[in-house]
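Asks: In the numbering used here, each residue's number is its place in the sequence shown (first place is 1) plus 2.
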Amino acid sequence: MNHSSQNITSKQSRNLELYKHVLALNPSPFTSTAWMGAFPPTGLEYIAASIKNLVGKVTLVDMRFDVEYCDLEKLNDFIRHEVDLLCISISWRSGFDEICAFVNKLPQGITTVVGGHNATEEVDNIFARCPNVNLIVRGEGEEIIQQVVTGVPYADIVGLSYRENGKIIHNKNAVLPDVAKLSFPDRSLRRCEYQWLQNGIKVMPHTFDTILTTRGCPFKCKFCTFSLNPLGQKREYTERPLESVMEELKTITADLVMIADDNFFTNPKRAEMLCDMIIESGIKKIFVAQTRIDVARHPSLLEKAARAGIKILLLGIESPHDWILKLIDKGFNQQQIREAIQVLRKHPFYLHAYFIYGNIGETEEEMVYIGRFAKEIGLDSISFQKLRIEKYSPLKEIVENTPGYHYDEVGGPVYSDKYGLAALKKIRNRIRSEFYDFAQLRWIIRKFMSLGILCKADVVRLLFKVPALLFAIVKRGIKNKSARRKEKAAKLEIFAP
Ligand code: B12
Ligand code: SF4
């Protein structure tokens, strides 16, 4: 159990017990891919943990996995008969329209609170589209929801937006909570195990989980809003006490754990201490960590990270070009990337790197070079995304002031007069074929096997599933396309004069 202190004690709440049964609900949009489904809804789980001792009961439902609650009639029946507070998470932009439509189908008259990264960016939009939503918690919500469930008057809760006499009231922004004081997710509330299901087919034998050991990131890469909360406030880099992290780790049963920190190695000393503690505890997991290439400067940390079970590193490299790295303030250059990867390759890590293409002024050849460069330096796999503009991204203004560059919506891709979306799609395919070929795929499988992430039997099982997987992916694509068409038609109808 987590013994960290809370602002409002359970004793206080029992006296009040304003809510008997809270449903913490992670809705499932049809557009989310199965890969995203592999991990639990961490933010919502923090919320559930923070109120668990302040209300009668919390039921946590993740509609991606909890099939029992996917039937709307059954879900509504359950809500009507059992629930007096509904807490819904809207974290991702993908599927936003579908989630709003879904929320509208839930029972009216039950206090409904929405929160999450995307909810915070879309407060007015959600109030306008979902008449049954009473409250929206903006930003990191643990302390705010505690005040809601213990009956603090809405007007006194900073960080809350709410309806009052037909008006929407937005209280001031809340101060970010101290992560050391927050309760970590209580896995006993879960009603499902997390696995990598691709279109309903189990891809890997492992169960998945996430853990956050820090929040925020001290760097200021221009394209990135990881370290900004959705209110545009810089989330200062803050660390959880290592004892609390270990306490949480001991409650995790999953085989593969993603350390969801923006950059796990921000404080190398602390990361090394945590690795030591994991080694000492005998905990055996496959850990995945997000990091910058700077970690390569710490050989003893790398050695310990590998011994602690960190097997997959997700590296934010972004670009092979010095002028782009400078433009986005990444803080390193191509030569440093080459040197770092050379070091990292000497350790037993699977190296996956992220790149961004379509940067301002980037030519087609420069974009395509991403694939060749990644191969040259020996990365195991890569993913590449078009430059995107988030609501509070410092790049937003730059794109807006650069003639010939455009974006259609916040969160959407940047394109230019020279490279429109269709051209960027072709470039993406060129990057992909520069990097991925049969030999690379074989290499990936071998690397997974050599690191003990997959065994021979897993690979054979996976190969047998390939035809079914391909069929499911095509079927899902068609389903999504037709659903999107319907949604578009519905929108046109709403806005028709
Ligand atoms: C780890 C991570 C992932 C993991 C997923 C881990 C998981 N558990 O699902 C992986 C790698 C799979 C991933 C994938 C993607 N991610 Co991501 N990810 C993150 C990251 C780094 C941390 C998320 C996290 O754990 N945060 C910590 C928790 C505690 O914060 P939180 O979720 O916001 O929750 C708090 C509040 O929002 C609020 N809250 C949340 N729910 C609720 C509900 C209620 C009722 C209340 C009151 C409050 C509340 O309180 C919570 C506690 O403080 C964030 C960046 C960041 N630093 O937050 C990006 C981020 C969330 N990801 C982002 C994106 C774009 C993606 C992808 C679309 C990328 C892609 N193109 O594939 C996919 C989409 C995944 C999907 N499900 O659709 C964006 C989201 C932007 C947006 N509005 O959509 C972010 C913000 C990064 C960014 N700035 O670009 N991601
Ligand atoms: S890209 Fe990575 S290092 Fe840069 S600000 Fe974002 S999280 Fe931090």
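Note that beta-carbon positions come from the ideal geometry of N, C-alpha and C, so glycine has one too. What you are looking at is a predicted structure, and each value in this text was computed from that prediction instead of being measured.
1) Answer with buried or exposed for residue 192, where buried requires no fewer than 16 other C-beta atoms within 10 angstroms of its C-beta.
2) What's the gap between the Cα of residue 432 and the Cα of residue 370?
3) Taking only three categories from DSSP, how would you classify residue 34?
4) Can residue 241 be considered in contact with the ligand B12, in the sense that its beta carbon sits closer than 8 Å to one or more heavy atoms?
5) Tell me which residue opens and which closes the beta strand (DSSP E) that residue 61 is part of.
6) Closer than 8 Å to a non-hydrogen atom of the ligand B12 - does that hold for the CB of residue 115?
7) Rounded to a whole number of angstroms, what is the C-alpha to C-alpha distance between residue 223 and residue 331?
8) Between residue 303 and residue 279, what straight-line distance do the alpha-carbon atoms span, to the nearest angstrom?
9) Given that a residue counts as buried once 16 or more other Cβ atoms are within 10 Å of its Cβ, and exposed if not, what is residue 243?
10) Select from 342, 447 and 287 the residue whose C-alpha is nearest the C-alpha of residue 253.
11) With distances taken Cα to Cα, identify the nearest neighbour of residue 462 among 248, 473, 206 and 284.
12) Looking only at its chain, what residues have a beta carbon closer than 8 Å to the beta carbon of residue 34, apart from the 5 residues adjacent to it on each side?
13) Can you tell me which of 112, 231 and 266 puts its alpha carbon nearest to the alpha carbon of residue 298?
14) Which first and last residues belong to the alpha helix (DSSP H) in which residue 150 is found?
15) Would you report the Cα separation of residue 408 and residue 401, rounded to the nearest angstrom?
16) Any idea which residues DSSP pairs residue 377 with across the strands?
17) I'd like to confirm something about residue 294: is its beta-carbon nearer than 8 Å to some heavy atom of the ligand SF4, or not?
18) Just to confirm my understanding: we take residue 326, look at its own chain, exclude 5 residues before and 5 after, and list those with CB closer than 6 Å. What are they?
19) Going by the CB atoms, is the gap between residue 140 and residue 108 shorter than 9 Å?
20) Kindly list the residues whose CB is nearer than 7 Å to the CB of residue 240, restricted to its own chain and excluding five residues on each side of it in sequence; keep chain order.
21) Identify which residue in 319, 436, 271 and 310 has its Cα closest to the Cα of residue 292.
Replies: If we stick to the structure as given:
1) buried
2) 6 Å
3) The predicted position of residue 34 is uncertain, since its pLDDT is 47 and thus under 50; no value can be drawn from it.
4) no
5) 59-64
6) yes
7) 5 Å
8) 13 Å
9) exposed
10) 287
11) 206
12) Annotation note: pLDDT 47 at residue 34 (below 50); position unreliable, coordinate value reported separately. Hits under 8 Å: 66, 94, 96 and 97.
13) 266
14) 144-151
15) 7 Å
16) DSSP, once it has assigned bridges, lists no residue as partnering residue 377.
17) yes
18) 361
19) no
20) 181, 216, 217 and 218
21) 319
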